[in-house]
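Q: Read left to right, the sequence shown gives residues 4 to 190 (this note's numbering). We put the beta carbon where it would ideally sit given N, CA and C, even for glycine. Predicted, not measured: the structure shown is a model, and the values here were computed from it.
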Amino acid sequence: MKLIQVYKADLLNGEGLRDVYFFSGCNHQCQGCFNKETWDYDMPNAKEWTDDDFEKMIESASKPYISGITLTGGDPLFWKNQSDILKLCKEFKERLPEKTIWLYTGYTFESIMFSSDLKPLILRYVDVLCDGPFIESLKSPNKPWVGSSNQRVIDVKNSKIGDIKLLYTDYEDTTHIQKTCSCCQDS
Ligand code: SF4
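Right under this line is the structure:
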């Protein structure tokens, strides 16, 4: 797995102050994606994720004012990232169970749950999933934390296939929070 960059104590990629980790690799090819360079797993600025990076992640997220981490990209669930993301999420929750994990992906919740790879196991450790591809024709400036109206902000722990709990159902009053999703910001 390769890390592109980290935003520390960020306000724009989930609730509270969060440390945001961008990983390379994505095969969704959403039209209008503002982060096309991250599709390439071996993009020039991406560096191999190490145990030292994980310890730094824990140290930073331990600060009382940090709500948790946000994993984005690229797509953290890109096939080459899955085993390392699973390890990261599992060990993060073991060390800091009170902190939350938000994860942005181009996969839908349903496709993840029906998948036969590691994606459903990863979801066991994720608190909030911002799911689905960015669809340019559905671009939605009013929906918090995501970029298009098809994308959902899902309370993973309380959701299952056919009964998905959204964090935001009435988002007309939350336009101040976020205008685009983390993987396709243009403002
Ligand atoms: S918008 Fe996100 S999921 Fe879609 S291609 Fe770009 S990085 Fe991948």
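Under a Cβ-count criterion, where at least 16 other Cβ atoms within 10 Å of its own Cβ denotes burial, should Tyr68 be classed as buried or exposed?
A: The residue given as residue 68 occupies position 65 in the sequence shown. With fewer than 16 other Cβ atoms within 10 Å, it is exposed.
Q: Provide the residue span of the alpha helix (DSSP H) that contains Cys33, from first to last.
A: Numbered from its first residue, the sequence shown carries residue 33 at position 30. Per DSSP, Cys33 belongs to no alpha helix (DSSP H) and is neither H nor E.
Q: Which residues share a DSSP beta bridge with Arg155?
A: The residue given as residue 155 occupies position 152 in the sequence shown. Bridge partners of Arg155: Asp134.
Q: Unbroken beta strand (DSSP E) runs of length 3 or more, entirely within the stretch 100-134: which are they?
A: Listed in chain order, they are 103-107, 131-134.
Q: Just to check my reading of the structure: Gly76 and Ser27 have Cβ atoms closer than 8 angstroms, yes? What is that Cβ distance to the nearest angstrom?
A: Translated into positions along the sequence shown, residue 76 becomes position 73. Translated into positions along the sequence shown, residue 27 becomes position 24. So it is a contact: roughly 6 angstroms between Cβ atoms.
Q: Would you check if the stretch 98-113 and the stretch 132-148 touch, i.e. whether three or more CB-CB distances between them fall below 8 angstroms?
A: yes
Q: Hey, which unbroken runs of the alpha helix (DSSP H) at 4 residues or more fall wholly within the stretch 37-109?
A: 54-64, 85-98
Q: Taking the CB atoms as reference points, tell me whether Ile104 and Val129 lie closer together than 7 angstroms.
A: Within the sequence shown, residue 104 is the residue found at index 101, counting from 1. Within the sequence shown, residue 129 is the residue found at index 126, counting from 1. Yes, Cβ-Cβ distance for Ile104 and Val129 is below 7 angstroms.
Q: What span of residues does the beta strand (DSSP E) with Leu20 cover, start to end?
A: For the purposes of this step, residue 20 is taken as the residue at position 17 of the sequence shown. Careful: Leu20 lies outside any beta strand (DSSP E) and carries neither H nor E.
Q: With burial defined as no fewer than 16 other Cβ atoms inside 10 Å of the residue's Cβ, what is the status of Phe81: buried or exposed?
A: For this step, residue 81 is matched to residue 78 along the sequence shown. Buried: at least 16 other Cβ atoms inside 10 Å.
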